[in-house]
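A.B. asks: Okay, so the sequence shown: first residue is 52 according to my numbering, each after it adds one.
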Amino acid sequence: MDRLSPLFARFSLSANVFYSGALCGVVDFPNDRGIGMLHVLRRGQLRVIHANGERVEIVAPTLLFYRQSSVHRFEVDDPAGCDLVCAHIEFGAGMGLQILRGLPELLLVPMDDIAGVQPTLELLFAEAFTSRTGRSAAIDRLIEYFTILLLRHTVEASLVKAGVWRGWQMSVWPGR
Numbered sequence: 052m053d054r055l056s057p058l059f060a061r062f063s064l065s066a067n068v069f070y071s072g073a074l075c076g077v078v079d080f081p082n083d084r085g086i087g088m089l090h091v092l093r094r095g096q097l098r099v100i101h102a103n104g105e106r107v108e109i110v111a112p113t114l115l116f117y118r119q120s121s122v123h124r125f126e127v128d129d130p131a132g133c134d135l136v137c138a139h140i141e142f143g144a145g146m147g148l149q150i151l152r153g154l155p156e157l158l159l160v161p162m163d164d165i166a167g168v169q170p171t172l173e174l175l176f177a178e179a180f181t182s183r184t185g186r187s188a189a190i191d192r193l194i195e196y197f198t199i200l201l202l203r204h205t206v207e208a209s210l211v212k213a214g215v216w217r218g219w220q221m222s223v224w225p226g227r
């Protein structure tokens, strides 16, 4: 049974890419919008520092998904930087907010762990590192697809508790 498609029929997923390119040095991300944030690291090494001082070293292509905007900092020591795409993710009201509450505050998933992500990664960065007509719309839609792949991974890897899925399903199919 497809557990995700009925959820997507009940809420609107939208992405807005706000950065794409080679990131160098230090960048702070404030908690300014209260919505989800997705970072896609394709190449390079990245140090993530959270507001509580926790540090995470990322040395391989990785997806970082914050279910709600959270204060964090990226530090890149390599002068060549790292290839990165960053986007705000909105799930809409109601059902979308329930989905967010069921996810961990931060999902940190190596690209190699997500089935079928490589072709989309190549398309995303091909669009992100050019300035062709329709670029913004294309990378926003590709980030939305990345978000679906990430949610699929959370289901298949049991990163979301069964009780949360039951609650989501009850909201989608009342009476079950």
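The C-beta atom is built at its ideal place from N, Cα and C for all residues, glycine as well. Here the structure is a predicted model, which means the values were calculated and not measured.
Whose CA, out of Cys137, Thr181, Glu178, lies closest to the CA of Thr198?
C.D. replies: Considering only alpha carbons, the answer is Cys137.
A.B. asks: Jot down the residue ranges of each uninterrupted alpha helix (DSSP H) in the stretch 84-159, minimum 4 residues, whole runs only, in chain order.
C.D. replies: Qualifying alpha helix (DSSP H) stretches, in chain order: 146-153.
A.B. asks: The beta strand (DSSP E) spanning Val78 covers which residue range?
C.D. replies: Element bounds for Val78: 76-80.
A.B. asks: Take the Cβ of Gly95 as the centre, count every other Cβ of all protein chains shown within 10 Å, and call the residue buried at 16 or more, exposed below.
C.D. replies: With 16 or more Cβ atoms within 10 Å of its Cβ, Gly95 is classed as buried.
A.B. asks: Between Arg124, Thr205, Asp128, which has its C-alpha nearest Asp164's C-alpha?
C.D. replies: Cα-wise, what sits closest to Asp164 is Thr205.
A.B. asks: Going by beta-carbon coordinates alone, are Phe116 and Leu89 separated by less than 8 angstroms?
C.D. replies: Cβ atoms of Phe116 and Leu89: closer than 8 angstroms.
A.B. asks: Is it right to say Glu207 is buried, meaning 16 or more other beta carbons lie within 10 angstroms of its own, or is it exposed?
C.D. replies: It is exposed - the Cβ of Glu207 has fewer than 16 other Cβ atoms within 10 Å.
A.B. asks: Taking Cβ positions, are Ser65 and Glu195 nearer each other than 8 angstroms?
C.D. replies: In this structure, Glu195 lies closer than 8 angstroms to Ser65 by Cβ.
A.B. asks: Would you identify the three-state DSSP class for Ser63, choosing helix, strand or coil?
C.D. replies: Three-state result, Ser63: coil.
A.B. asks: If we count the other Cβ atoms within 10 Å of its Cβ and call it buried at 16 or more, is Val8 buried or exposed?
C.D. replies: Residue 8 lies beyond the range of the chain shown here (52 to 227); nothing can be said about it.
A.B. asks: From Cys133, Thr184, Phe176, Leu172, pick the residue whose C-alpha is nearest to that of Glu77; which is it?
C.D. replies: Per the sequence shown, the amino acid found at residue 77 is Val instead of Glu. The option with the nearest alpha carbon to Val77 is Cys133.
A.B. asks: Tell whether a beta-carbon distance below 8 angstroms holds between Leu114 and Val160.
C.D. replies: Yes.
A.B. asks: Assuming Glu141 and Gly87 are in contact, meaning their beta carbons sit under 8 angstroms apart, how far apart are those beta carbons, in whole angstroms?
C.D. replies: Confirmed, about 7 angstroms.
A.B. asks: Specify, as a first and last residue, the run of the alpha helix (DSSP H) that Asp163 falls within.
C.D. replies: Here Asp163 belongs to no alpha helix (DSSP H), and DSSP marks it neither H nor E.
A.B. asks: I need the straight-line Cα distance from Cys75 to Leu135, nearest angstrom please.
C.D. replies: Looking at the two C-alpha atoms, the distance is approximately 10 angstroms.
A.B. asks: Taking the Cβ atom as the reference point for each residue, do Leu154 and Arg118 lie within a distance shorter than 8 angstroms?
C.D. replies: Cβ distance < 8 angstroms, so Leu154 and Arg118 count as in contact.
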